[in-house]
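So for the first sequence, my numbering puts the first residue at 12; every next one is plus one.
Ideal Cβ positions, reconstructed from N, Cα and C, are used throughout, including at glycine.
The next block holds one structure in the form of structure tokens; read it before the comments.
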Amino acid sequence: MSVTKIEDLPTVYNAKETEESIYKFWEENEFFKADAKSPKKPYSIVIPPPNVTGVLHMGHALDETLQDILVRYHRMSGYETLWVPGTDHAGLATQNVVEKQLAKEGLTRHDLGREKFLEKTWEWTNEHKSTILDQMKRLGASFDRSRERFTFDKGCSDAVKEVFVTLYNKGLIYKGAYIVNWCPRCQSAISDVETEYETEQGHLWEISYPLKGESGAIIVATTRPETIFGDVAIAVHPTDHKYSELIGKTVVIPLTGREIPIIADEYVDKTFGTGAVKITPAHDPNDFEVGKRHGFNPIWVIDEKGCMKACGEVPSNLHGLDRYEARKQIIKMLEDNHSLLRVKDHEHNVGKCQRCGTTIEPLLSEQWFVKMGPLAKEAIAAVKDGRIKFIPERWEKNYLGWMENIRDWCISRQIWWGHQIPAYYHKVTGEMVVAKENPDPENYVQETDCLDTWFSSGLWPFSTMGFPNAETDDYKKFYPTSTLVTGFDIIFFWVARMITMGLEFTGKAPFSTVYIHGLIRDEKGQKMSKSKGNTIDPVVIIDKYGCDALRFTMTSLCTYGGQDIKISDERFEYGRNFANKIWNASRFVLMNLEGIDNNDIDYSKLTIADKWILDKLNNTAKEVNTNIENYRIGETAHVLYDFFWNAYCDWYVEIAKVQLQDETLKLNTQRVLRYVLDMSLRLLHPIMPHITERVWQLIPKAAHQLGSSAARAIIVADYPVFEEKLAFPREAREMELVFETIKSLRNVRQSFNIPMGLKFNIEIQAAEDEKPVFEAIESYIKRMAKVENISYSDVSTSVAKKSATAVVSASKIVIPLENLIDFNAEIVRQEKKLTKLQTERKSLEGRVNNPKFAANAPAELIKQTKDRIEEILVQENAINELIDSLKA
RNA sequence: GGGUGUUUAGCUCAGUUGGUAGAGCGUCUCCCUUACAAGGAGAGGGUCGGGGGUUCAAGUCCCUCAACACCCACCA
12 MSVTKIEDLP TVYNAKETEE SIYKFWEENE FFKADAKSPK KPYSIVIPPP
62 NVTGVLHMGH ALDETLQDIL VRYHRMSGYE TLWVPGTDHA GLATQNVVEK
112 QLAKEGLTRH DLGREKFLEK TWEWTNEHKS TILDQMKRLG ASFDRSRERF
162 TFDKGCSDAV KEVFVTLYNK GLIYKGAYIV NWCPRCQSAI SDVETEYETE
212 QGHLWEISYP LKGESGAIIV ATTRPETIFG DVAIAVHPTD HKYSELIGKT
262 VVIPLTGREI PIIADEYVDK TFGTGAVKIT PAHDPNDFEV GKRHGFNPIW
312 VIDEKGCMKA CGEVPSNLHG LDRYEARKQI IKMLEDNHSL LRVKDHEHNV
362 GKCQRCGTTI EPLLSEQWFV KMGPLAKEAI AAVKDGRIKF IPERWEKNYL
412 GWMENIRDWC ISRQIWWGHQ IPAYYHKVTG EMVVAKENPD PENYVQETDC
462 LDTWFSSGLW PFSTMGFPNA ETDDYKKFYP TSTLVTGFDI IFFWVARMIT
512 MGLEFTGKAP FSTVYIHGLI RDEKGQKMSK SKGNTIDPVV IIDKYGCDAL
562 RFTMTSLCTY GGQDIKISDE RFEYGRNFAN KIWNASRFVL MNLEGIDNND
612 IDYSKLTIAD KWILDKLNNT AKEVNTNIEN YRIGETAHVL YDFFWNAYCD
662 WYVEIAKVQL QDETLKLNTQ RVLRYVLDMS LRLLHPIMPH ITERVWQLIP
712 KAAHQLGSSA ARAIIVADYP VFEEKLAFPR EAREMELVFE TIKSLRNVRQ
762 SFNIPMGLKF NIEIQAAEDE KPVFEAIESY IKRMAKVENI SYSDVSTSVA
812 KKSATAVVSA SKIVIPLENL IDFNAEIVRQ EKKLTKLQTE RKSLEGRVNN
862 PKFAANAPAE LIKQTKDRIE EILVQENAIN ELIDSLKA
């Protein structure tokens with residue numbers, strides 16, 4: 012870095028310029044690059060891979076910031092730290108995007124054919140692949156780009172094949188015909204977790220099925236009349252007296268005349284609808300089970316596009332009609348036929364495709380599944396026995412609840428963009444072979460289905476480390492990973508699958524801690540979405556306020572409970588203002604370091620204020636370390652904000668201005684200013700990496716002050732920790748006298764409208780043990796409260812008339828102001844304070860006088876309470892005396 | 001139907017072993033005091049959703065009610 016003249020630094024922090032150059036500086040020096048051969052203990056995180064088609068949104072900004080904080084903290088705390096970046100091929104999502112592009116040209120993927128379509132999608136992917144990770148650089152993400160991965164790259168594909176074949180050979184993957192959630196728009200099966208339910212206002216139609224060969228009919232309630240052609244039976248409850256005589260009889264399906272039996276099954280709810288339900292095994296998951304129990308063959312009447320099938324069971328005028336259009340027609344036909352008896356409004360939940368919102372169609376089809384039951388056992392145990400910990404803990408319950416009721420996972424997707432299932436069929440015999448490679452391309456063709464995208468992301472923590480090869484340096488050094496950071500919305504999709512797969516294939520939990528944060532919402536608490544138009548673009552925020560401002564604001568809003576975070580544009584002013592404060596305080600300190608030597612602080616020459624700020628810094632370091640270790644990131648931000656702004660800037664820097672005037676104190680004050688700034692920047696660095704790095708470059712330091720790593724940059728400097736030699740609890744307490752005195756004097760000044768320019772004299776009627784302290788802090792009081800002269804007298808001295816008085820601790824500060832104040836106003840001011848003290852005292856006395864309190868409360872607390880009462884009494888006396896003298 | 005979360009100052013929210021409530025923004029007053037007006041100083045503002053209980057002591061623990069948000073399951 013070139014030498015920068017401090018005077019030339021702008022008075023407003025230029026985030027944009029700084030952030031660009033600082034990030035480049037880190038990259039050029041390869042600070043993000045992990046060394047798998049390092050002797051240091053490892054700390055590793057894998058990024059939740061964003062969709063390769065994606066653009067950066069606020070959710071990423073939060074997620075990546077939190078990871079970066081953990082990574083930077085551990086890097087500075089002596090760990091060999093690896094953060095693996097990468098992207099997800101996002102099968103269905105990406106395919107949809109490319110298909111949309113094609114649609115603009117009037118084409119479908121079928122027009123291109125599989126090979127051409129994949130070519131096109133790869134092209135598209137390669138074009139966008141780096142976009143989102145490049146955007147994440149704007150967030151300051153210190154991930155190791157040399158290890159960047161893609162869930163569809165060679166290594167991940169190898170891992171997928173290994174896992175698939177192994178699970179198949181163990182009997183944990185099977186192919187079977189089941190009812191799946193079918194998206195007619197995506198033209199693919201989707202898994203249970205990809206199906207979202209929405210409450211919709213629908214209808215319940217009551218349809219009459221006449222009995223065969225006799226009069227009478229059974230009335231069935233249905234929400235989906237278009238499926239009647241697929242009916243194989245009518246079911247009633249075995250103990251339902253209404254229908255007991257009908258069981259075993261035959262009814263006729265209206266409109267087609269096909270005959271079906273009335274059966275009894277416990278599945279039926281006697282109280283719902285008419286108590287009789289039509290059974291359509293091909294188009295309803297429950298009916299499928301009932302059908303299986305009773306040995307019925309399913310009848311397909313709706314096809315993959317959601318249209319009525321052109322088959323013999325369906326009246327020919329309905330062939331090929333969309334399911335909703337068909338419904339209308341059928342209702343009309345039933346009405347004409349007098350088979351429709353009643354229509355009721357009915358609210359029910361309808362499954363929607365998570366990707367496109369289309370109403371899913373339960374469809375019986377041949378799919379691949381992972382048998383989850385056996386895998387879940389270990390995944391449950393690992394969380395129960397603490398190998399994996401969720402933060403906040405309540406998510407464990409959520410995870411366990413799901414795992415304990417786990418259902419088989421439908422992993423096949425009828426899409427082209429993804430890992431093609433490694434199963435091969437003999438062209439003639441149809442014999443199936445599951446293997447990593449095609450055994451005989453001449454005679455075998457590969458399964459056309461692809462895998463659910465979460466299958467490959469479920470392997471992410473170890474596929475990125477070299478798996479299936481467990482001998483790579485990265486695998487040995489960095490697997491299992493340390494922390495997984497993500498939102499609660501993908502616990503089932505992703506976290507649960509990584510845990511099951513990791514345990515099964517590596518024998519280890521893929522991470523020890525799952526840190527779950529809240530979701531980002533708009534200022535009204537609504538989820539951000541493009542369609543609602545309420546999104547906030549992190550890049551826009553970064554341009555406007557700066558990356559560090561974005562990071563600081565976001566982290567300050569994180570709570571330990573992982574509440575959702577409401578944000579609006581203006582909230583980032585908080586972080587921006589703080590960054591600016593850091594910038595200007597740093598400018599001041601740097602400007603005043605002229606002539607500083609390379610020596611360390613002389614501990615024998617510390618003033619009370621020096622000791623106070625060092626003590627405060629020390630405690631801050633302690634708190635910050637504890638907070639980060641315990642994932643209390645928001646608290647970390649608050650503690651640092653409070654220390655830097657309210658302690659260092661508002662008090663110590665102001666005090667330093669006094670000390671710098673004193674030649675005997677100047678040099679050591681400079682050293683303290685420098686030291687505290689240096690350490691503050693280090694503490695802040697994980698949250699606000701750019702500004703801290705920039706300022707740190709400007710601090711003159713000797714080699715030995717850089718830390719054990721002989722750091723070239725703050726990013727690799729040692730993180731501050733609590734040090735015994737910096738603890739000065741007595742002085743820290745004594746400084747309270749300074750603050751109280753100055754604050755009371757300022758209060759007096761403001762109360763009586765005394766201009767800042769007007770200095771006054773004060774008389775301190777000091778309690779005996781407080782006098783030396785006052786003497787030590789005289790210069791601060793003079794400067795910061797604009798006091799001309801300070802004289803002393805005994806505390807028992809009665810207060811002279813015509814003065815304002817502040818009672819501080821056990822002493823009195825008297826300000827003779829005869830020409831300046833309204834004495835009645837002073838009486839009111841003092842009485843107000845008196846009332847406050849009296850109220851507090853009475854409450855405390857009530858407690859102390861309660862014998863049960865004395866018996867049960869800790870001795871420490873009792874003493875504290877009594878001391879406080881004593882203190883109040885002293886102050887009350889002083890104030891009473893004052894009021895008397897004012898009234899006299 | 002089952003579960004979770006939320007309810008604290010005008011607004012947005014902190015508040016980890018129970019010890020008597022805090023921040024930011026906003027409001028009111030004053031100030032360009034040579035780091036910073038994206039700043040400084042001072043002030044005002046809350047019976048911690050309602051009710052009950054445990055305790056010497058409850059925003060904090062237990063019960064209950066209410067409102068809101070979300071998750072899971074799903075009855076045709």
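Continuous beta strand (DSSP E) stretch holding residue i: start and end
i: residue 208; result: 206 to 221
i: residue 364; result: 351 to 364
i: residue 454; result: Where residue 454 is concerned, there is no enclosing beta strand (DSSP E), given that its DSSP letter is neither H nor E.
i: residue 406; result: It is not in any beta strand (DSSP E) - residue 406 instead sits in the alpha helix (DSSP H) that spans 405 to 415.
i: residue 378; result: 372 to 381
i: residue 185; result: 184 to 194
i: residue 546; result: No beta strand (DSSP E) holds residue 546; DSSP gives it neither H nor E.
i: residue 776; result: 771 to 777
With 16 other Cβ atoms within 10 Å as the buried cut-off, status of residue i
i: residue 877; result: exposed
i: residue 111; result: exposed
i: residue 26; result: buried
i: residue 96; result: buried
i: residue 723; result: exposed
i: residue 46; result: exposed
i: residue 440; result: exposed
i: residue 443; result: exposed
i: residue 913; result: Nothing can be reported for residue 913: it is not among the residues displayed for the chain, which extend from 12 to 899.
i: residue 540; result: exposed
i: residue 283; result: exposed
Limits of the unbroken alpha helix (DSSP H) element including residue i
i: residue 20; result: Residue 20 -> no alpha helix (DSSP H), and no H or E assigned at all.
i: residue 171; result: 165 to 180
i: residue 800; result: Run containing residue 800: none in the alpha helix (DSSP H); it sits in the beta strand (DSSP E), 798 to 805.
i: residue 115; result: 102 to 115
i: residue 537; result: Run containing residue 537: none; DSSP gives neither H nor E here.
i: residue 6; result: This structure does not reach residue 6, given that the chain is present from 12 up to 899, and the question cannot be answered.
i: residue 677; result: 674 to 695
i: residue 336; result: 334 to 347
i: residue 150; result: Premise fails: residue 150 is in no alpha helix (DSSP H) and is neither H nor E.
i: residue 631; result: 619 to 640
i: residue 69; result: 69 to 87
i: residue 864; result: 862 to 867
i: residue 783; result: 782 to 795
i: residue 747; result: 740 to 762
i: residue 602; result: 584 to 602
8 Å contact criterion, which residue i and residue j should meet: CB distance rounded
i: residue 280; j: residue 290; result: Between residue 290 and residue 280 the Cβ distance is about 14 Å, and since that is not below 8 Å, they are no contact.
i: residue 402; j: residue 149; result: So it is not a contact: roughly 27 Å between Cβ atoms.
i: residue 309; j: residue 302; result: 6 Å
i: residue 373; j: residue 190; result: 5 Å
i: residue 34; j: residue 187; result: In fact, because the Cβ distance is near 51 Å, the residues do not count as touching under 8 Å.
Problem set entry | Segment contact flag, the stretch 661 to 673 with the stretch 611 to 625, C-beta cutoff 8 Å, min 3 pairs | yes
Exercise. Is the number of C-beta pairs between the stretch 239 to 254 and the stretch 198 to 207 that are closer than 8 Å three or more?
Worked result: no
Exercise. Should the stretch 55 to 72 be called in touch with the stretch 493 to 506, which here means at least 3 C-beta pairs below 8 Å?
Worked result: yes
Problem set entry | the stretch 263 to 275 touching the stretch 340 to 358, judged by at least three CB pairs closer than 8 Å | yes
Exercise. So, do the stretch 384 to 391 and the stretch 506 to 524 have three or more beta carbon pairs nearer to each other than 8 Å?
Worked result: A contact exists between the stretch 384 to 391 and the stretch 506 to 524.
Exercise. Are the stretch 687 to 699 and the stretch 84 to 91 in contact at 8 Å, needing three or more beta carbon pairs?
Worked result: The stretch 687 to 699 vs the stretch 84 to 91: in contact.
For this session: Inspect the CB distances between the stretch 728 to 736 and the stretch 758 to 772 and report whether three or more fall short of 8 Å.
Result: no
Exercise. Three or more beta-carbon pairs under 8 Å between the stretch 525 to 533 and the stretch 576 to 583, yes or no?
Worked result: Verdict: yes, contact present.
Problem set entry | Stretch pair the stretch 742 to 762 + the stretch 650 to 657: three plus CB contacts closer than 8 Å | Judged by Cβ distances under 8 Å, the stretch 742 to 762 makes no contact with the stretch 650 to 657, as fewer than three pairs qualify.
For this session: Assess, as a yes-or-no matter, whether the stretch 158 to 169 is touched by the stretch 457 to 476 under the definition of 3 or more beta carbon pairs within less than 8 Å.
Result: yes
Exercise. How about the stretch 367 to 377 and the stretch 168 to 177: do they share at least three Cβ pairs that are nearer than 8 Å?
Worked result: no
Exercise. Should the stretch 214 to 221 be regarded as contacting the stretch 479 to 496, the criterion being three or more beta carbon pairs within less than 8 Å?
Worked result: no
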